[in-house]
Amino acid sequence: MPRSSPRPADSNHKLWLAYAGLCLLSWMLYAMAGTELQRGIWQLWGAVYQATLSLWPPMLLGVAVLPWVGWLQRSGLGTPASLSLHALAALLFAALWQGLEFLTAWWLFGADHAQATLQQLVLWRAIWGVFVYIALVAGFAAVLNARRARASAVAAAQAESALARAELAAISGKLNPHFLFNTLNTLIALTRKDPKAAEDALLRFAGMLRYVLDSKRSASDRVSLQDEVDFVRDYLALESLRLGPRLHIAWQLDPATLDDELPALTLQPLVENSILHGIAPRTGGGCISISARRDALNAGLALTVQDDGPGCDPARLEPGADAAAAGARRGIGLSALRRRFALDFEGRARFKIHTAPGAGFRVDLWIPQA
Numbered sequence: 140m141p142r143s144s145p146r147p148a149d150s151n152h153k154l155w156l157a158y159a160g161l162c163l164l165s166w167m168l169y170a171m172a173g174t175e176l177q178r179g180i181w182q183l184w185g186a187v188y189q190a191t192l193s194l195w196p197p198m199l200l201g202v203a204v205l206p207w208v209g210w211l212q213r214s215g216l217g218t219p220a221s222l223s224l225h226a227l228a229a230l231l232f233a234a235l236w237q238g239l240e241f242l243t244a245w246w247l248f249g250a251d252h253a254q255a256t257l258q259q260l261v262l263w264r265a266i267w268g269v270f271v272y273i274a275l276v277a278g279f280a281a282v283l284n285a286r287r288a289r290a291s292a293v294a295a296a297q298a299e300s301a302l303a304r305a306e307l308a309a310i311s312g313k314l315n316p317h318f319l320f321n322t323l324n325t326l327i328a329l330t331r332k333d334p335k336a337a338e339d340a341l342l343r344f345a346g347m348l349r350y351v352l353d354s355k356r357s358a359s360d361r362v363s364l365q366d367e368v369d370f371v372r373d374y375l376a377l378e379s380l381r382l383g384p385r386l387h388i389a390w391q392l393d394p395a396t397l398d399d400e401l402p403a404l405t406l407q408p409l410v411e412n413s414i415l416h417g418i419a420p421r422t423g424g425g426c427i428s429i430s431a432r433r434d435a436l437n438a439g440l441a442l443t444v445q446d447d448g449p450g451c452d453p454a455r456l457e458p459g460a461d462a463a464a465a466g467a468r469r470g471i472g473l474s475a476l477r478r479r480f481a482l483d484f485e486g487r488a489r490f491k492i493h494t495a496p497g498a499g500f501r502v503d504l505w506i507p508q509a
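As structure tokens, then:
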């Protein structure tokens, strides 16, 4: 889940701390530039006084530049209008700087001293006022642009995450009804042949239905491999009632993997696919092999579901293949499951199909566990 953007109050607090730090640094450099240490402590105090008198007006006025820049950015004015307003604001900034410095000198030393100082420094203060204003505008604009860029990135990430969750839920919704429909057909057929067996099968089916409904709470919920295997065993028990000795199952489960987590209803669609296309159409039936092992290289969960059925042309499983071609139904279910894995694990999971005409059908899954 994407991180939420900082609260405006927190961002402003950090911004003004940084602004205060820059002001302090500027004041110290100004004081040091005007100090001649060989002339004694009084020269140092004079430099501190001069730095304070000269810099407090632009430091104070700089506080108003941030909301001003923010308003201009929100106003949506064109570049010529914005530049014109900035030019006027720069002149006003320089004028206010000189005005505040003039009033301070008047209050401390009288009108004559204030007027003499103004006449002496008016040009340089105007130039410095414009440059300081430009520097403040550039700094605050950069901060505001960075905030907007970050907010846009967070909003885009949240929208992408919501879209992925919605698509994942839609894909899971496509898989589950298909399984339920086929299971109900099996139970209906069994009811006509053996009511007692049908009653036992209904109890199994009730447990399976509870598992399916629980997994529908969230498409990204994880279940243990043991729970998924138990569910698949119940499903295969129901299918065995329909297929009888034509269905053979070979389990190869590493006990160390039974507590690993995976998305609910990962194995069942693969097993169902093998039954529908590899076992049920054949008079002699066939065998489905289900294995789980620990990947020695990266400690992920490696799953394999394989049947010894007729297989199919791998080209029919590619995106855009003709859905009316023989065996294309196999590709539809697997493409949905592949997309589900891509969304759920953000490309970290692996889904690979091995098949050829007359060579059976195998699906290898690798699911990260960290």
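Just so you know, this note's numbering puts the end of the sequence shown at 509, numbered straight through with nothing missing.
No residue lacks a Cβ here, since even glycine has one placed at the ideal position from N, Cα and C.
Buried or exposed for residue i, please, with buried defined as at least 16 other CB atoms from any protein chain shown within 10 angstroms of its CB.
i, result
"A170", "buried"
"A220", "exposed"
"R287", "exposed"
"F344", "buried"
"M347", "buried"
"N437", "exposed"
"P394", "exposed"
"A250", "exposed"
"T325", "buried"
"W236", "buried"
"A234", "exposed"
"I273", "exposed"
"G217", "exposed"
"R331", "exposed"
"L163", "exposed"
"L342", "exposed"
"A328", "exposed"
"V502", "buried"
"R289", "exposed"
"A340", "buried"
"Q445", "buried"
"D353", "exposed"
Of all the options the options, which has the alpha carbon lying nearest to the alpha carbon of residue i?
i, options, result
"I388", "Y374, V410, S428, I418", "S428"
"A495", "Q365, C451, Q508", "C451"
"R213", "A280, A298, M167, H252", "A280"
"D373", "R361, D360, V351", "V351"
"F500", "N324, W207, S413, G238", "S413"
"A431", "F241, T396, W155, F370", "T396"
"W166", "Q391, A234, V444, P197", "P197"
"D434", "L392, L409, Q407", "L392"
"D333", "L377, A295, A290", "L377"
"W207", "T256, F241, L283, Y158", "L283"
"L375", "T330, L211, W390", "W390"
"I266", "F232, L442, A340, L163", "F232"
"G439", "A244, D446, W505", "W505"
"F490", "G497, W245, A337, L456", "L456"
"L194", "L323, L211, V410, A159", "A159"
"G209", "L476, V276, F480", "V276"
"A509", "E400, E338, L386, P449", "E400"
"V261", "G238, P449, S363", "G238"
"H476", "W263, A295, A244, Q407", "The question names His, but residue 476 in the sequence shown is Leu. That would be Q407, whose Cα lies nearest to the Cα of L476."
"E367", "P507, A403, A336", "A403"
"L473", "Q254, P507, Q258, T405", "T405"
"A498", "P507, P453, A488, R478", "P453"
From which residue to which residue does the alpha helix (DSSP H) around residue i run?
i, result
"R389", "Sequence inspection shows Ala at residue 389; the Arg mentioned does not correspond to that position. No alpha helix (DSSP H) contains A389, which is instead part of the beta strand (DSSP E) from 386-392."
"D503", "No alpha helix (DSSP H) holds D503; the beta strand (DSSP E) holding it covers 500-506."
"H99", "There is simply no residue 99 to check, as the chain begins at 140 and stops at 509 in what is shown."
"R421", "Counting along the chain, R421 falls outside any alpha helix (DSSP H), and DSSP gives it neither H nor E."
"D369", "364-382"
"V208", "204-214"
"P219", "218-248"
Where do the N-terminal and C-terminal ends of the beta strand (DSSP E) with residue i fall, by residue?
i, result
"L440", "440-446"
"L456", "Segment: none, L456 is in no beta strand (DSSP E) and carries neither H nor E."
"R489", "489-494"
"E511", "Lying outside 140 to 509, the shown extent of the chain, residue 511 is not represented and no answer is given."
Pairing CB atoms from the segment 413-430 with CB atoms from the segment 372-385, are three or more of them under 8 Å? By the Cβ test, the segment 413-430 is in contact with the segment 372-385, since at least three Cβ pairs between them sit closer than 8 Å.
The segment 481-488 in contact with the segment 411-418 per 3-pair CB rule at 8 Å: Touching, no, given that fewer than three Cβ pairs across the two stretches are closer than 8 Å.
Taking three-plus beta-carbon pairs below 8 Å as touching, is the segment 216-233 in contact with the segment 184-195?
By the Cβ rule, the segment 216-233 does not count as touching the segment 184-195, because fewer than three pairs are nearer than 8 Å.
Touch test, the segment 236-255 against the segment 202-213, Cβ-Cβ under 8 Å, three pairs minimum | Because the criterion of three Cβ pairs below 8 Å is not met, the segment 236-255 and the segment 202-213 do not touch.
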